[in-house]
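Protein chains in written order, with my numbering: chain A, 1 to 316; chain B, 317 to 590. Every residue, glycine too, gets a C-beta built ideally from N, C-alpha and C. Below: one structure, written as structure tokens.
Structure below.
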């Protein structure tokens, strides 16, 4: 049993509910809505308990609208949990938003948090001021960055002039600059090409290793999960439906493949196959009886499909 | 507890002033590098004001005075309100982008840094266009000042600066309120445009409006405090109303309330899903 202090994040029965106005239709409806007290309660996050040790990289997965963002917002102190206990770096994030913010870094894949019109080096200098980073720590971090990525050409570019890949890279460097205990990465590789994805994953892994930073990663990209995560947490409809290490996920779901077949009329048929149960060839021959197969693809199962499998497993 | 206190001390006024200076200097530098953009927008601002001034001039060719206020006194209000508008335009221009940031969910990024959200958001943009207006306002005010033969003493100068700050506070506060409505309602753009239009009335002495509008402009949408009540102190030193004396305190209070309202909205905000 670990001491509580060894955990970066402790969640105990955390739930978040939102009140949503039941909107009426039409103009009169909108006017009546102004005075309406007719709310329904939507539970975005439902009774989640989890302990994340320091230095772990956790993949936080789930379909859109599952409650991932809401959880992250609670962990970062932007939202207050409706129920339950949430401790991040030893304090309650919502009650100490600024204090919590000093010890975390956040990257949103599509939204740069840097100053658009400033060269990267100036953004870094501003962050140094904002996070009150001492000179020696700042210089040490810059040296580390220079050794990990080709930093020089980026430093004098403004964020506006950067490609998406460069911007993501810069955002990640900025998020680690004040040596935070936890970094939240939301879809860090979205929209990037294969080589940039690999570069970003390598960087995240290296920073995590050197600085023992806890990383909470939300993604739909199984490649991210494979390359980085030691542990997977999956939520759906606000409930935690899976929490186990990566090995477990691979053993149980690694035998799944998605078979895609292009049939006459240019229709793509999709079939998720568990190779330990079913033979791919027999599925293909079944289809062949229906019509001529024009094209075949066999893909690794996507995260979404794994989640679906896990969810079905729980529901069944 | 003690740690919190220590942090507060670390991130005090000096901290924010230092950050602000750095952001401004950097932002200005980058704006200057788009030189054509800078020149055209400054020129555009001067032209807008020149056109405004011409219509004002034509009006007075036909009326020697409005409700007891002569041409130069009206010019005084006019110049005064233009100068008082400058801090709003230069330093608080990002309020215009607030509703887009809130609608798109981008606003969330301002909530992750260990600094004041209002400060962080507002400091991001420095709008140089306002400087053209400032130059124009100063010219108009000096011109009116000379013609009205108002004495230039230490007292009138101190009064002027103090009153300009007061007027600016009111103007900024009105726009803070208007911008922050986007945390609760969609299409808050209309509210902002409406309020920004209202400030056009600020350059007229509130005494020319009849009872109802005078009350509205004093107590509901306090644009009478932008030029009228403060400027009375210098223009009519013999008959200063109580509200003029109270205006600096009211300005600070109103600004504080608008800040609180803005922060309340930001606190309530939870971003769109991502």
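{"query": "Cβ pair residue 17 of chain A, residue 117 of chain A closer than 8 Å", "result": "no"}
{"query": "Residue 268 of chain A, buried or exposed, once every other Cβ within 10 Å from all chains shown has been counted against 16", "result": "exposed"}
{"query": "Residue 66 of chain A, DSSP secondary structure in three states", "result": "coil"}
{"query": "Neighbour-count burial assignment, residue 26 of chain A, 16 or more Cβ in a 10 Å radius", "result": "exposed"}
{"query": "CB contact below 8 Å: residue 101 of chain A versus chain B", "result": "yes"}
{"query": "Any C-beta of chain A under 8 Å from that of residue 353 of chain B", "result": "no"}
{"query": "Minimum length 4: unbroken alpha helix (DSSP H) runs contained in the stretch 408-469 of chain B", "result": "414-420, 433-439 and 445-463"}
{"query": "The ligand FAD heavy atom lying under 7 Å from the CB of residue 506 of chain B", "result": "In terms of ligand content, the structure shown is empty, and the ligand FAD therefore cannot be addressed."}
{"query": "Cβ of residue 121 of chain A within 8 Å of any chain B Cβ", "result": "no"}
{"query": "Identity of the residue in B:391, B:559, B:436 and B:416 nearest residue 534 of chain B by Cα", "result": "B:559"}
{"query": "Member of A:133, A:44, A:308 and A:257 whose CA lies at the smallest distance from the CA of residue 276 of chain A", "result": "A:257"}
{"query": "Where the alpha helix (DSSP H) containing residue 263 of chain A begins and where it ends", "result": "First-last for residue 263 of chain A: 256-263, but that is the beta strand (DSSP E), not the alpha helix (DSSP H)."}
{"query": "Cβ neighbour criterion (16 or more within 10 Å) applied to residue 580 of chain B", "result": "exposed"}
{"query": "Under the three-state DSSP convention, the category residue 488 of chain B falls into", "result": "helix"}
{"query": "Contact under 8 Å by Cβ, residue 218 of chain A with residue 68 of chain A", "result": "yes"}
{"query": "Buried or exposed by the 16-neighbour rule on C-beta atoms within 10 Å, applied to residue 231 of chain A", "result": "buried"}
{"query": "Interface positions of the stretch 128-161 of chain A facing chain B (Cβ-Cβ less than 8 Å), listed along the chain", "result": "129, 130, 131, 132 and 158"}
{"query": "Inter-residue Cα distance where the pair is residue 47 of chain A and residue 358 of chain B", "result": "56 Å"}
{"query": "Amino acids of chain B, ordered along the chain, whose beta-carbon sits closer than 8 Å to that of residue 14 of chain A", "result": "The premise fails here: residue 14 of chain A is roughly 15 Å from chain B at the closest Cβ pair, so nothing lies under 8 Å."}
{"query": "Inter-residue CB distance, residue 63 of chain A and residue 236 of chain A (contact presumed, cutoff 8 Å)", "result": "6 Å"}
{"query": "Proximal residues, the stretch 529-541 of chain B versus chain A, C-beta separation under 7 Å", "result": "none"}
{"query": "Rounded straight-line distance, which links the Cα of residue 337 of chain B to that of residue 8 of chain A", "result": "35 Å"}
{"query": "Reference residue 542 of chain B, options B:571, B:526, B:482 and B:491, closest by Cα", "result": "B:482"}
{"query": "Boundaries (first-last residue) of the alpha helix (DSSP H) holding residue 102 of chain A", "result": "97-102"}
{"query": "Check whether residue 126 of chain A and residue 339 of chain B have beta carbons under 8 Å apart", "result": "yes"}
{"query": "Near-chain B residues of the stretch 50-68 of chain A - C-beta to any C-beta below 8 Å", "result": "64 and 65"}
{"query": "Extent of the continuous beta strand (DSSP E) run through residue 330 of chain B", "result": "Taken as a continuous stretch (DSSP letters only), residue 330 of chain B belongs to no beta strand (DSSP E), being part of the alpha helix (DSSP H) at 329-349."}
{"query": "Where residue 118 of chain A sits in the DSSP three-state scheme", "result": "coil"}
{"query": "Alpha carbon of residue 233 of chain A to alpha carbon of residue 87 of chain A, nearest angstrom", "result": "18 Å"}
{"query": "Residue 577 of chain B vs residue 493 of chain B beta-carbon contact at 8 Å", "result": "yes"}
{"query": "Buried or exposed by the 16-neighbour rule on C-beta atoms within 10 Å, applied to residue 446 of chain B", "result": "buried"}
{"query": "Residue 207 of chain A versus A:221, A:173, A:239 and A:197, residue with shortest Cα-Cα distance", "result": "A:173"}
{"query": "Residue burial classification, residue 379 of chain B (beta-carbon count within 10 angstroms, cutoff 16)", "result": "exposed"}
{"query": "Min CB distance residue 113 of chain A to chain B below 8 Å", "result": "yes"}
{"query": "Cross-chain neighbours of residue 117 of chain A in chain B, by beta carbon under 7 Å", "result": "343 and 346"}
{"query": "Residue 136 of chain A - containing alpha helix (DSSP H), residue span", "result": "135-148"}
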